[in-house]
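Participant:
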Amino acid sequence: MALEDDIATLTVLVQGMLAESGEQAGFDAREWLDRWLTGVVPALGNRRPIDVLNEPDGLEVVKSLLLRAQSGAYS
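Start counting the sequence shown at 20; every next residue gets the next number (the numbering used here).
1) Which two residues bound the contiguous alpha helix (DSSP H) that contains residue 68?
2) Can residue 81 and residue 68 be called in contact, C-beta distance under 7 Å?
3) State buried or exposed for residue 86, treating a residue as buried only when at least 16 other CB atoms are found within 10 Å of its CB.
4) Should residue 25 be labelled buried (16 or more other beta-carbon atoms within 10 Å of its own) or exposed?
5) I need the straight-line Cα distance from residue 83 to residue 42, nearest angstrom please.
6) Could you tell me which residues DSSP pairs with residue 33 in its beta bridges?
7) What three-state label does DSSP hand residue 80 in the structure shown?
8) Count the other CB atoms, across all protein chains shown, that sit within 10 Å of the CB of residue 29; report buried if there are 16 or more and exposed otherwise.
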């Protein structure tokens, strides 16, 4: 799957997480995701999620991290 497809998949995931968790008014899931993907994330060994997406199973790793963040289960 191409990087843009992965980002589209993650955007849908973030939109769904927000729908389950809180107020959606004024929140742009894609804009938030774009910023998050390019920032350093300690839970990824201080790597950027965008870099992890280029690795084998990277989409699953990033999806799992987002879902754990939603539930509060950082591991």
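Quick reminder that beta carbons are idealized off the backbone N, C-alpha and C, glycines included.
Everything numeric in this text was worked out from a predicted model, so none of it was measured.
Facilitator: Taking the structure as given:
1) 68-71
2) yes
3) exposed
4) buried
5) 22 Å
6) Note: residue 33 sits in no beta bridge, so no partner.
7) helix
8) buried
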